[in-house]
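*Asks:* Each protein sequence line maps, in turn, to chains F and A.
Okay, so the first sequence: first residue is 159 according to my numbering, each after it adds one.
Okay, so the second sequence: first residue is 410 according to my numbering, each after it adds one.
Every residue gets a Cβ at the ideal spot worked out from N, C-alpha and C, and that includes glycine.
Remember, it's a predicted structure, so these values are computed and weren't measured experimentally.
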Amino acid sequence: MHMIESGNVAAATGVKLARANVIAAYPITPQTPLTEKLSEFVAAGELAAEYIPVESEHSAMAVCIAASSAGARAFTATSANGLLYMNEQLHWAAGARLPIVMCVANRGIGAPWTVWNDHQDTISQRDGGWIQIYANDHQQIIDSVIKAFYLAQTVSIPVMVCYDGYILSHTYMPFEKPDQDQVDAFLPPFTPENMLDPDRPYNFNTVTLPDVRPDIHGQTAPGYMEIRHCLHQDMRGSIQVLEEIDKKFQAAFGRGGHPFVEPYKCEDADHVVVCMGSLSYHFRDVIDLLSQEGLKIGVMGVQLYRPFPEKAIVEALYQKKSIMVFEKALSYGNQGALYADIKSALYPCENRPEMKNFILGLGGREIKTSILVETVRNAVKHTAASDDHPMWVGLKCQE
Amino acid sequence: MNQKTSILNLTEDEWVNPGNRACAGCGLGIVYRTALKALGKNTILVVPPSCLTVLQGLYPIAATKLPCLNVVFASTGAAATGVRAAMRARKKDGVNVVAFAGDGGTGDIGIQALSGACERGDDILYICYDNEAYMNTGVQRSGTTPQGVVTTTTPIHGKSQVKKDIPAIVAAHHIPYLATASAAYPLDLYDKVKKAITKKGPKYIHVHTPCPSGWGFEPSQTVKIGKLAVKTGLFALYEMEDGDFKLTGPSLSALSKPRTPVKSYFDAQQRFASLDEEAIAQLQHQVDQTWAGYMG
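#1: I need the boundaries of the alpha helix (DSSP H) containing Pro332 of chain F, first residue and last residue.
#2: Enumerate in chain order the residues of its own chain whose CB-to-CB distance from Ile210 of chain F is below 6 Å, with the five nearest sequence positions on each side excluded.
#3: According to the neighbour-count rule (16 or more other Cβ atoms, all chains shown, within 10 Å of its Cβ), is Val572 of chain A buried or exposed?
#4: Taking 7 Å as the CB-CB limit, is Glu246 of chain F close to chain A?
#5: So, helix, strand or coil for Gly702 of chain A, using DSSP?
#6: Judging by CA-CA distance, which residue of F:Ala238, F:Phe418, F:Asp499, F:Val212 is the nearest neighbour of Gln398 of chain F?
#7: Looking at the unbroken beta strand (DSSP E) that takes in Ile162 of chain F, where does it start and where does it end?
#8: Quick one: is Ile374 of chain F buried, meaning 16 or more other Cβ sit within 10 Å of its Cβ, or exposed?
#9: Shorter than 7 Å from the beta carbon of Ser197 of chain F to some beta carbon of chain A?
#10: Extract the residue ranges of the beta strand (DSSP E) inside the region 500-540 of chain A, only unbroken runs of 3 or more that lie entirely within it.
#11: Hey, how far is the Cα of Lys655 of chain A from the Cα of Leu598 of chain A?
#12: Does Ile210 of chain F get closer than 7 Å to chain A when you measure Cβ to Cβ?
#13: Between Glu541 of chain A and Pro270 of chain F, what straight-line distance do the alpha-carbon atoms span, to the nearest angstrom?
#14: The beta strand (DSSP E) with Asn264 of chain F in it runs from where to where?
#15: Run through the DSSP bridge pairs and tell me what Met458 of chain F is partnered with.
#16: Can you tell which of A:Ser569, A:Arg442, A:Ile565 has the C-alpha that lies nearest to the C-alpha of Thr553 of chain A?
#17: Quick one: any contact between the region 505-517 of chain A and the region 446-466 of chain A, if contact means 3 or more CB pairs under 8 Å?
#18: What does Lys500 of chain A touch in chain F if you count any residue whose Cβ is under 8 Å from its own?
#19: Please list the terminal residues of the continuous alpha helix (DSSP H) segment that includes Pro576 of chain A.
#20: Quick one: Cα of His540 of chain F to Cα of Lys501 of chain F, how far?
#21: If I follow the unbroken alpha helix (DSSP H) through Lys305 of chain F, where does it start and stop?
#22: State the beta-bridge partners of Tyr324 of chain F as determined by DSSP.
#23: So, is the C-beta of Asn426 of chain A closer than 7 Å to a C-beta in chain F?
#24: Would Pro359 of chain F and Phe411 of chain F be called neighbours here (beta carbons separated by less than 7 Å)?
#25: Between the region 440-453 of chain A and the region 555-566 of chain A, do three or more beta carbon pairs fall short of 8 Å?
#26: Consider the Cβ of Asp373 of chain F: report whether some Cβ of chain A lies at a distance smaller than 7 Å.
#27: Please give me, in chain order, every unbroken run of the alpha helix (DSSP H) with length at least 4 that falls completely inside the region 543-619 of chain A.
#28: Would you tell me roughly how many angstroms separate the C-alpha atoms of Met410 of chain A and Ala588 of chain A, rounded to the nearest one?
#29: Going by alpha carbons, who is nearest to Ala362 of chain F out of F:Ile403, F:Asp446, F:Arg371, F:Leu256?
#30: Which residues mark the beginning and the end of the alpha helix (DSSP H) in which Glu384 of chain F is found?
#31: Check the Cβ-Cβ distances between Pro368 of chain F and every residue of chain A, and say whether any is below 7 Å.
#32: Per DSSP, Gln290 of chain F forms a beta bridge with which residues?
#33: Provide the residue span of the alpha helix (DSSP H) that contains Val365 of chain F, from first to last.
#34: Whose Cβ in chain F lies nearer than 8 Å to the Cβ of Val492 of chain A?
#35: Since Leu475 of chain A meets chain F, which of its residues come closer than 9 Å, beta carbon to beta carbon?
#36: Determine whether the Cβ of Ile575 of chain A lies closer than 7 Å to any Cβ atom of chain F.
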């Protein structure tokens, strides 16, 4: 069915189609309309789920962790400081291997307060063991949410579906809403091997020693380090699992085919802009304009950020003259996280491209197409001057 | 329902294995064993970091024969909500969802999640075992440490503030059942747990739990110390059913007979060593006033 709705409603619709049955959330801008919509679905009897209006984001993730441990398909959503308030719970959910799905409507972090978009919230959570998918438009939001539930329960790792606050969360765009029957056929039910069950009592997440230890049958049980190694291995393995799920999704719904990165005019390009989220679609206008000037240039959106799909990234970038990474977040005192990851991925290649890092759009600073055109045009002219320090785009006064 | 279980008809079922990692004379050992006897098989436990985490043992061996979810410190009430939500979503009736947390995990770092669960009316039983300090981390003060107690973070002079009244805070949520109990009166605790699980909605039981290593008394004296706390009136045993307050068991009978002076309780433990005669007299006065209120 064709719909014209906000990104938040696209997300809520995906959650409903995936039949999440425990939803917990706390209001925070710009995520709130998503969970308002879900509470409406539940109250109207359109979604058979427990909607828990918790008293904090910390508790929202606590409810999801416990519900998922007890065999429910759990969902929450948040933004910015709400995500940071969950921090220890995010690590816990990943360590406990729970297939929770969470939407994050990306927003800048205080202080000072900002409610507008950048990526600092989710980028700051990249090392916690969650899979991170960045959607570029409303269609990708709804499709990613459905695929996220499949991926999460297949690899027993929680998944964050990230999309730009306001730019996507509050704007209206057309998208296809999959039929419930089709989603039911695509997404298998959640039937975990182990869950909280009085008939099969397990003690979950007990204190675990630095070394391995025999269980009561004399079998060697893993220590903390083996358990964490397993999480890492399964994170790496989830790259292939996502590819398979994306293929199934494409066969069922006719959309997809680029689960890791989404290149635009990159094949013959000398120069490639790399970024995440809606900015990668915004950049297509910039690429079109610069192509008309004769520049061989493309843009590549990174959709799967954790685990990092190095192979797909190297394949797309290794023969290019220059790479320009535009980011709405950075590791303060160093550089953009995506830039560092891409540099690291390209390090083993011969003839490494020149690389530049640009920081822009923090706290919702408007990103004008004209400024992007000018920035890229200048950057391409000065390919030799590789500069590790990120360049800030659009600063207006000396602070 | 006011069941009076005796040692003769107490179930022989055990849900905590012997040889667990509790300290010698641990009051929680009594509380946990007794509460789990009352709860029985169809129970899911939620436990934050606390002495109970230690008692339950190290992976892959656990002392508890019931399913248990270990959760982060501040999240116990919300995690219990989550288990219940999953039970409803999966249409599993008849399962007791029981949070088991220490006093710091309940009244300090965990109070927000507990308040949220109580306000939402979630169908859970929350048992707080109150050993009156952060014992698991080595006896630091908590909000529920009594006035005058020396801990590793209230050295030399003892804690200057009064004990936070967590049951009163929980009672302000108007939940259907609230009780206090003591490790020294396990059958009273057993009956209160039994009664709690017959009620729908949030239930709260606050259990006074003596700690030999943290309070400074011999492991053989746990029950004696616990009884002294009740007999001196420093810890009152009561129930609130749908808001109706009534003293229970030994605290009810204490209304009609003289209470033991608080000094005998303080003298039996090293943690009150900093109290002088004047401070003891003041604390005795406070207890007398509280009890005048009960009698009034």
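*Replies:* Inspection of the coordinates gives the following:
#1: Looking at the DSSP string, Pro332 of chain F is not in any alpha helix (DSSP H); the run it does join, the beta strand (DSSP E), is 330-334.
#2: Ala182, Val221
#3: Here residue 572 of chain A is Lys; the residue named in the question, Val, does not match the sequence. Result: buried.
#4: yes
#5: helix
#6: F:Phe418
#7: Per DSSP, the unbroken beta strand (DSSP E) holding Ile162 of chain F starts and ends at 160-164.
#8: Counting Cβ neighbours within 10 Å, Ile374 of chain F comes out exposed, since fewer than 16 surround it.
#9: no
#10: For the region 500-540 of chain A, whole beta strand (DSSP E) runs of length 3 or above, ordered along the chain, are 505-511, 534-539.
#11: 15 Å
#12: yes
#13: Roughly 39 Å between the two C-alpha positions.
#14: First-last of the beta strand (DSSP E) with Asn264 of chain F: 259-264.
#15: F:Pro421, F:Val432
#16: A:Ser569
#17: yes
#18: Those do not exist, as Lys500 of chain A stays about 10 Å from chain F at its closest Cβ, beyond 8 Å.
#19: 575-580
#20: Roughly 19 Å between the two C-alpha positions.
#21: 296-313
#22: In DSSP, Tyr324 of chain F forms no bridge with anything.
#23: Interface residue (Cβ-Cβ distance to chain F less than 7 Å): Asn426 of chain A is not classified as such.
#24: Against a cut-off of 7 Å, the Cβ pair of Phe411 of chain F and Pro359 of chain F comes out as no contact.
#25: no
#26: yes
#27: 575-580, 595-605
#28: Residue placement at Met410 of chain A cannot be trusted, given a pLDDT of 49 that sits under 50; the coordinates are not used to answer.
#29: Before going further, note that residue 362 of chain F is Phe rather than Ala in the sequence given. Of the listed residues, the one whose Cα sits closest to Phe362 of chain F is F:Leu256.
#30: Counted as a single uninterrupted DSSP element, the alpha helix (DSSP H) harbouring Glu384 of chain F occupies residues 382-411.
#31: With 7 Å as the cut-off, Pro368 of chain F does not count as an interface residue toward chain A.
#32: F:Met318, F:Arg464
#33: Annotation: Val365 of chain F is outside any alpha helix (DSSP H) and is labelled neither H nor E by DSSP.
#34: Val492 of chain A reaches chain F at Ala224, Ala225, Ser227, Ala228, Leu354, counting residues in chain order whose Cβ is nearer than 8 Å.
#35: Those are Pro356, Pro359, Asn361, listed as they occur along chain F.
#36: Taking Cβ atoms only, chain F never reaches closer than 7 Å to Ile575 of chain A, which makes this a no.
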